[in-house]
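Chain order of the listed sequences is U and L.
With this note's numbering applied, the first sequence corresponds to residues 1 to 153, in that order.
With this note's numbering applied, the second sequence corresponds to residues 154 to 523, in that order.
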Amino acid sequence: MVVMTDSLVFLMGKFEARIPVDRRYFESHFWAFPAGDVLRVGFTAYAVRLLQDVYFLDWQIDPDTAVRRKQTIGEIESSKAVSTMYAPADGKIVRFNEALLNDPSLINADNYDRGWLYEFATTTPLLAAEEYVKVLEAGWEQTQRLLKNQFNE
Amino acid sequence: MAGRKLTVVISQAPGKNPVKRHLEEEIATRLMLSGTAEVSVVPHLYDLTSDHTGMLWLKSLKGNLVVLGWLYPRAIRWVLDRNGVKGQVGESRLNVAETTDDEEDPPETAEDLAPQGIGSLNVPNRLIFAIDLRNDPDPQTYISEIERLSESLAVPLVQLSGLFGSSMTSNGHPTVSTNGSPNTNGAAQTNGSAAKGEITAAHDSNSNSPTPQAPVVIGGENVRRRWYPVIDYSRCTNCMECLDFCLFGVYGVDLTDRILVEQEDNCKKGCPACSRVCPANAIVFPEHKTPAIAGAEGGAVEDFKIDLSKLFGAPSALEMAVQERDVELVADGRDAVGTAVGLPKRQSGLSEKPRDALDDLMDGLDSLDL
Numbered sequence: 001m002v003v004m005t006d007s008l009v010f011l012m013g014k015f016e017a018r019i020p021v022d023r024r025y026f027e028s029h030f031w032a033f034p035a036g037d038v039l040r041v042g043f044t045a046y047a048v049r050l051l052q053d054v055y056f057l058d059w060q061i062d063p064d065t066a067v068r069r070k071q072t073i074g075e076i077e078s079s080k081a082v083s084t085m086y087a088p089a090d091g092k093i094v095r096f097n098e099a100l101l102n103d104p105s106l107i108n109a110d111n112y113d114r115g116w117l118y119e120f121a122t123t124t125p126l127l128a129a130e131e132y133v134k135v136l137e138a139g140w141e142q143t144q145r146l147l148k149n150q151f152n153e
Numbered sequence: 154m155a156g157r158k159l160t161v162v163i164s165q166a167p168g169k170n171p172v173k174r175h176l177e178e179e180i181a182t183r184l185m186l187s188g189t190a191e192v193s194v195v196p197h198l199y200d201l202t203s204d205h206t207g208m209l210w211l212k213s214l215k216g217n218l219v220v221l222g223w224l225y226p227r228a229i230r231w232v233l234d235r236n237g238v239k240g241q242v243g244e245s246r247l248n249v250a251e252t253t254d255d256e257e258d259p260p261e262t263a264e265d266l267a268p269q270g271i272g273s274l275n276v277p278n279r280l281i282f283a284i285d286l287r288n289d290p291d292p293q294t295y296i297s298e299i300e301r302l303s304e305s306l307a308v309p310l311v312q313l314s315g316l317f318g319s320s321m322t323s324n325g326h327p328t329v330s331t332n333g334s335p336n337t338n339g340a341a342q343t344n345g346s347a348a349k350g351e352i353t354a355a356h357d358s359n360s361n362s363p364t365p366q367a368p369v370v371i372g373g374e375n376v377r378r379r380w381y382p383v384i385d386y387s388r389c390t391n392c393m394e395c396l397d398f399c400l401f402g403v404y405g406v407d408l409t410d411r412i413l414v415e416q417e418d419n420c421k422k423g424c425p426a427c428s429r430v431c432p433a434n435a436i437v438f439p440e441h442k443t444p445a446i447a448g449a450e451g452g453a454v455e456d457f458k459i460d461l462s463k464l465f466g467a468p469s470a471l472e473m474a475v476q477e478r479d480v481e482l483v484a485d486g487r488d489a490v491g492t493a494v495g496l497p498k499r500q501s502g503l504s505e506k507p508r509d510a511l512d513d514l515m516d517g518l519d520s521l522d523l
């Protein structure tokens, strides 16, 4: 799809989460890259690092559906985690990445390209890479606490 | 009271799941055969209207009561309570997580988590044991527990039966009534009831046949599925936030200004929004897929996996409630109101407090896919 020129790096402990500057971001840890007149959306390296190996991905809405921000659109399960998937903004989910339905491991193997999740049309302003990294910096403590809390239950 | 058997009512699973039906029938027939308890069967408790034969039957029962059903014990208890079948909370060993939460002295922090409720009114001095049939697929688990309860409630059944035959065991229940004539057979409990011809085949415990007749389901025909909130008054603080939030007129107050579910059939199927705004987590939708809403005692994590929903944009409980309410409003041809109407009062003035680990924990729980 694209040759990545440059990336910022956010350190998660010792892990370097690469945040390419050629695209924009949602603060719920998705990247968005223009593909024709829509945006291709996928998980950032930060999200994938937390998920680890993705086993299962299920969409609960049909392609070409208008969604509201935070509306439930699917489920994901990985070796370490489960999560409901939510629409990152008001807009329309145009189509899903069919390749993932057979093999969601592409999310791990190539999260910034072939592991894209869906194509999305929205007018919501998005974050630049630098802004997204600031979101990560601000939220890192809290994310670690969230994980620890769940482990300690 | 002496000689009265423990009363057991089995609430059937909705639908026709043969595995569930089999478990219900096994428990019923084994209890009948052993003579441990007076058994009857009603359709799915939650679906019964207040004037349904099965519910009227439950209301007619006196004394200690065991209710087995396919619901969380809290849900069973408060569905019964709302229909006037009241009693003190009986503790079953099968509901361990349940009873420790309810009955032990709460740890300090629990005061914030579960504010003291206004309680139920006019609770008679008898025990109601609510048991979830999803605990275990083995009927023996329930039989053993009912036998244990029966003994611990000190019903002097065994001695009396030994002395006088089975004459003391009948208490007027229609489903099982052993013959009242004196019987010299000392083992009256297990096979004495087979002595007289007027007793039906269901009581023929001498036979080893595995298919004795199960009790008739009381009012079993044409029970419609229902959806409505059930208030847990042990938690409810009468804050009225549900009354403010629900725009479908489900809630009301009684003559003493206690909150109640007034127009239950105004409730929108599948919508649990008021439960999410309830600050005391006192509103139960027994059929909701999220255990915390369906009446599970809070905090149990079924799975060791981490829930990352919060990270990936999960709405807060309040956001979700507003969304669910809007969907139902629009479906009714009304306008969505978003956050403009009936939002909980507690949201104001709380923002200055710094978040702490407990806040995170609570938020985390909220989004757990239990």
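Don't be surprised by glycine CBs; every beta carbon is placed ideally from N, CA and C.
Every value quoted in this text rests on a predicted model; they were computed, and no experiment measured them.
Contact between Thr390(L) and Ile271(L) is confirmed by a C-beta separation of about 6 Å, below the 8 Å threshold. Around the C-beta of Arg378(L), fewer than 16 other C-beta atoms lie within 10 Å, and the residue is accordingly described as exposed.
With a 10 Å radius around the Cβ and a threshold of 16 neighbouring Cβ atoms, Thr409(L) comes out exposed. At least one C-beta of chain L is nearer than 8 Å to the C-beta of Ala47(U). Residue environment for Asp479(L): buried (at least 16 other C-beta atoms within 10 angstroms of its C-beta).
Boundaries around Lys173(L) are those of the alpha helix (DSSP H), 171 to 187, since no beta strand (DSSP E) includes it.
In its chain, beyond the 5 residues on either side, Asp479, Leu482, Val483 have a beta carbon closer than 6 Å to the beta carbon of Ala489(L). By the neighbour-count criterion, in which a residue is buried when 16 or more other Cβ atoms sit within 10 angstroms of its Cβ, His197(L) is buried. About 12 Å separates the Cβ atoms of Cys395(L) and Cys424(L), ruling out a contact at the 8 Å cut-off. Secondary structure in the region 412 to 462 of chain L: the alpha helix (DSSP H) runs of 4 residues or longer, each lying completely within the stretch, are 426 to 430, 444 to 447 in chain order.
Residues of the region 85 to 110 of chain U that bring their beta carbon within less than 7 Å of a beta carbon in chain L comprise Met85, Tyr86, Pro88, in sequence order. For a Cβ distance threshold of 9 Å, nothing in chain L lies close to Lys14(U): the least Cβ distance comes to about 19 Å.
Look at Thr65(U): its C-beta is not under 8 Å from any C-beta on chain L.
The three-state secondary structure of Asp285(L), taken from DSSP, is strand.
Contact annotation, Ala190(L) with Ile163(L): C-beta distance approximately 10 Å; criterion of less than 8 Å not satisfied. Take the alpha-carbon of Ser79(U) and the one of Lys134(U): they are about 28 Å apart.
Its chain contains Leu57, Asp58, Trp59, Gln60, Ile61, Thr84, Met85 as the residues whose beta carbon lies nearer than 8 Å to that of Gly74(U), once the 5 sequence neighbours on both sides are disregarded; these appear in chain order. Phe465(L) reaches chain U at Ser28, His29, Phe30, Phe43, Ala47, Ile76, Ser83, Thr84, Met85, Tyr86, Pro88, counting residues in chain order whose Cβ is nearer than 9 Å. Minimum Cα-Cα distance from Leu201(L) among the listed residues Leu159(L), Val370(L), Leu274(L) corresponds to Val370(L).
Proximity of chain U to Glu472(L) at the Cβ level (cut-off 8 Å) is accounted for by Lys70, in chain order. Inclusion of Leu106(U) and Arg95(U) in the CB contact set at 8 Å is not warranted, their separation being larger than that value. For Leu247(L), there is no enclosing beta strand (DSSP E), since its DSSP letter is neither H nor E. If you draw a 10 Å sphere on the C-beta of Gly188(L), you find 16 or more other C-beta atoms in it, and that means buried.
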